[in-house]
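Residue numbers for the sequence shown follow UniProt numbering, beginning at 1 and rising by one.
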Amino acid sequence: HSTSLCPYTAVNFTLLCSQTHCLLSLPLQTCCECCLLGRAAQERGLSCDLTLAVWYQCGLVSRACCVDRSPNSDGKPAPGENKQTWKTSEIRAYDECTTVDIHRSAGCSQSCFNGSCACLEGYKLKADVKTCEDINECLLGSHHCRGGERCINTLGSYRCQRVISCGTGYELTDNNKCEDIDECETGTHNCGAELECQNTAGSFRCRPRVQCGVGFIQDALGSCIDINECLSVTGPCPSGHMCFNTVGSYTCQRHSVTCGRGYHLNADGSRCVDIDECAGPDNSCDGHGCINLVGSYRCECRAGFIFNSISRSCEDINECRNYPGRLCAHKCENILGSYKCSCTMGFKLAADGRNCDDLNECESSPCSQECANVYGSYQCYCRRGYQLSDADGITCEDIDECALPTGGHICSYRCHNTPGSFLCTCPATGYTLAPNGRSCQDIDECVTSTHSCSESESCFNIQGGYKCLNFDCPANYRRSGDTPRVDRADFIRCVKSCQPNDISCMLNPILSFSHTAISLPTFREFNKPEEIVFLRSPTPSHLPHMDSPEIVYDILEGNVQNSFDIIKRLDHGMIVGVVRQVKPLVGPVSSVLKLAMNYVTNGVVSHRNIINVHIYVSEFWF
């Protein structure tokens with residue numbers, strides 16, 4: 001490369017411009033113009049960073065030609081400026097860049113020196129030795145920020161920023177320092193029109209423009225106010241004189257004659273004379289007797305009052321507090337100059353005005369029915385069938401006996417409440433009300449002959465009605481002679497009676513047929529089995545051709561809802577079959593319970609008796 005001079009300056013650009021042309025492929029003329037921009041910025045003390053005004057390659061040349069006026073020993077740009085310059089060793093290496101290097105520098109992100117990629121100040125090569133990246137001076141600690149400043153990294157450089165604010169009355173300048181704000185100059189003070197602003201470090205003061213005369217002092221607003229000289233600790237007046245403040249000054253006057261309590265100055269003010277406190281209609285004793293004394297007075301108090309020597313007045317005597325329980329029988333109330341007795345509720349004041357007599361409240365008929373006077377009160381009570389109201393304790397209310405918890409048991413059938421009482425009724429037919437007025441008694445239609453049975457039928461009374469029965473013995477059976485009564489309608493027993501040579505009759509194991517009738521109520525409270533029929537068997541000696549057989553009872557027919565069972569029991573050497581109702585039945589229900597009394601010998605039924613129990617369950621429980 002030949003040596004040439006830039007046509008616009010006497011500076012030799014052989015080293016710089018020719019090598020820059022080699023580096024950036026810029027024409028020599030363009031290189032010189034960009035260099036001149038950097039030199040002009042240096043001479044005027046401007047920043048060397050012109051990247052915002054020129055293109056990138058021209059900016060590199062202008063920064064290379066611009067040298068900072070305050071050089072740093074380490075070649076580092078001053079804080080706050082982004083100086084992107086090559087180091088001296090790197091500039092001197094430009095002449096080593098060859099044509100081959102120009103082609104190699106095509107892969108370098110910033111510059112090529114001596115056949116290798118290089119970076120500007122504030123940058124460093126990455127691992128690929130081609131790309132340049134920013135150096136974080138704040139992270140590496142290579143910055144020059146002072147105490148109280150924070151380092152902020154920028155591209156290719158860094159800047160220092162103050163951390164702590166300046167505080168009230170100060171402001172931060174461009175050189176990162178705190179300077180006092182002159183409030184007086186900026187007009188940000190609040191001094192009044194009569195005050196003058198005087199700046200101080202970090203603040204200001206308001207001073208009065210006008211000076212006050214003798215006897216006056218300026219307040220906070222600059223106004224002159226009077227000084228009360230009489231309020232000073234020592235006092236401006238001599239002994240024996242009294243101080244009187246005036247506007248801007250004061251006056252002293254000699255003390256006058258001072259009279260004691262109960263005295264006042266005479267007309268000419270030369271001496272003290274007694275005050276007659278009792279003179280005039282409104283004397284000091286407030287309506288009580290008044291006796292004037294020299295320099296004082298004394299009150300003659302009325303009854304019920306006492307003289308207080310301290311307040312020199314008549315005060316009311318509280319008799320109720322001084323004599324508790326001795327003046328009044330019940331309550332004592334103090335009144336001005338006396339007291340008053342009163343009685344508690346249920347008593348009235350006696351003629352003596354102190355004792356209390358019982359008040360007969362029943363004389364005013366406070367109760368709706370009956371009243372009983374008691375000492376100090378009264379008691380209302382009600383007649384039978386009524387009860388006192390819980391609301392007022394004086395009104396009698398009817399007791400609904402039918403609604404009581406036991407109301408269902410008061411009457412056998414229906415309960416009707418009436419004022420002060422109740423009324424029981426029975427079903428329309430079959431019953432009549434008992435003499436006690438509560439129970440319902442069954443009407444025996446068979447006895448009263450109010451039935452409708454025919455002559456061939458027998459009347460059987462049941463609860464609430466009757467049944468017409470007609471029991472006959474079947475063939476080969478006849479009515480037994482041990483039937484209790486011929487006219488009894490609720491029981492018949494038929495025994496076997498075979499004709500001679502009637503083999504089938506003789507082989508029939510049924511020895512007898514029986515019919516009986518029973519009337520049952522609808523049990524209201526059914527909590528255990530009810531025994532209704534007892535079947536007694538004859539002793540074994542009465543049975544011919546039997547050798548101690550076992551008797552087994554069984555229900556053959558008519559067990560409605562399995563409401564019945566039969567158990568065996570030994571009673572006085574006799575075997576008894578007990579028929580029980582084990583479940584409740586709600587009437588009306590009628591059923592024929594067919595029972596069998598089996599005589600078993602060696603596991604074989606040898607003979608049996610059939611008992612037909614005609615059961616009639618009433619719809620009522622009584």
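Quick reminder that beta carbons are idealized off the backbone N, C-alpha and C, glycines included.
Local conformation of residue i per DSSP, three classes
i           : result
M345        : coil
L221        : coil
I615        : strand
N318        : coil
Q211        : coil
C230        : helix
G202        : coil
E503        : Per the sequence shown, residue 503 should be read as Ile rather than Glu. Looking at I503 - three-state DSSP - the assignment turns out to be helix.
S62         : helix
R39         : helix
Q161        : strand
residue 676 : Look at the range of the chain in this structure, 1 to 622, and you will see that residue 676 is not part of it.
V374        : strand
V586        : coil
S364        : helix
P77         : At P77 the pLDDT is 44, less than 50, meaning the model places this residue with poor confidence; the figure from the coordinates comes in the next sentence. DSSP places P77 in coil when its eight states are reduced to three.
T251        : strand
N598        : strand
T9          : Any reading at T9 is ruled out, since the residue's pLDDT is 38, under 50, leaving its predicted position unreliable.
T186        : helix
Beta-carbon proximity list for residue i, same chain, < 7 Å, skipping 5 on both sides
i    : result
E133 : Y123, K124, K126
C382 : Q369, E370, L388, C396
L359 : G346, F347, K348
F471 : I492, H515
E149 : C160, Q161, R162, V163, N176
E530 : F523, R580, Q581
Distance, residue j Cα to residue i Cα
i           : j    : result
K76         : N153 : Here K76 scores only 41 on pLDDT, less than 50, and its place in the model is too uncertain to base an answer on.
D392        : Y413 : 36 Å
V163        : E179 : 16 Å
C380        : Y386 : 12 Å
C34         : N190 : 56 Å
C206        : E171 : 22 Å
C278        : C272 : 18 Å
I317        : I275 : 29 Å
I227        : G235 : 13 Å
V613        : F620 : 21 Å
R159        : C145 : 8 Å
R312        : Y263 : 16 Å
residue 625 : C367 : No statement about residue 625 is possible, as the shown extent of the chain runs from 1 to 622 and does not include it.
E319        : A350 : 20 Å
C197        : E185 : 9 Å
C362        : T448 : 57 Å
E333        : Y323 : 12 Å
S165        : L155 : 26 Å
C446        : F622 : 19 Å
Y553        : Y431 : 37 Å
C402        : R493 : 48 Å
H103        : G115 : The predicted position of H103 is uncertain, since its pLDDT is 37 and thus under 50; no value can be drawn from it.
C108        : Q29  : 24 Å
I306        : L336 : 12 Å
C66         : T188 : 44 Å
Neighbourhood of residue i by C-beta distance below 6 Å, restricted to the same chain and skipping five residues each side
i    : result
K467 : F460
S338 : G304
S590 : Y616
N417 : D400, C402
P574 : Residue 574 is actually Met in this sequence, not Pro. Excluding sequence neighbours, M574 sits near R536.
P435 : none
S480 : R493, V495
E550 : V600
Cβ-heavy atom distance, residue i to the ligand ATP, below 6 Å
i    : result
N373 : Among the ligands in the structure shown, none appear at all, so the ligand ATP cannot be discussed.
Contacting residues, own chain, Cβ-Cβ under 8 Å from residue i (five flanking each side not counted)
i    : result
H330 : C341, S342, C343, T344, F347, C356
T173 : E179
L139 : N153
**Message:** Three Cβ pairs or more, each shorter than 8 Å: is that satisfied between the stretch 432-444 and the stretch 399-408?
**Reply:** no
**Request:** Let me know the beta strand (DSSP E) ranges lying completely inside the stretch 395-466, each 3 residues or longer, listed in chain order.
**Result:** 396-398, 414-418, 421-425, 431-433, 440-442, 458-462
**Request:** Say whether the stretch 241-250 touches the stretch 273-288, bearing in mind that this needs 3 or more beta-carbon pairs closer than 8 Å, one atom from each stretch.
**Result:** no
**Prompt:** Does the stretch 511-525 come close enough to the stretch 608-616 to have 3 or more Cβ pairs within less than 8 Å?
**Reply:** yes
**Prompt:** Does the stretch 450-458 come close enough to the stretch 412-426 that 3 or more CB-CB pairs lie under 8 Å?
**Reply:** no
**Prompt:** Taking the runs of the beta strand (DSSP E) that are 3 residues or longer, which of them lie wholly in the UniProt domain "EGF-like" (274-315)?
**Reply:** 289-293, 296-300, 305-308
**3-residue-minimum beta strand (DSSP E) runs that sit fully inside the stretch 100-153, ordered along the chain** = 111-113, 116-118, 123-125, 132-134
**Message:** For the pair the stretch 554-568 and the stretch 580-596, tell me if three or more CB-CB distances fall below 8 Å.
**Reply:** yes
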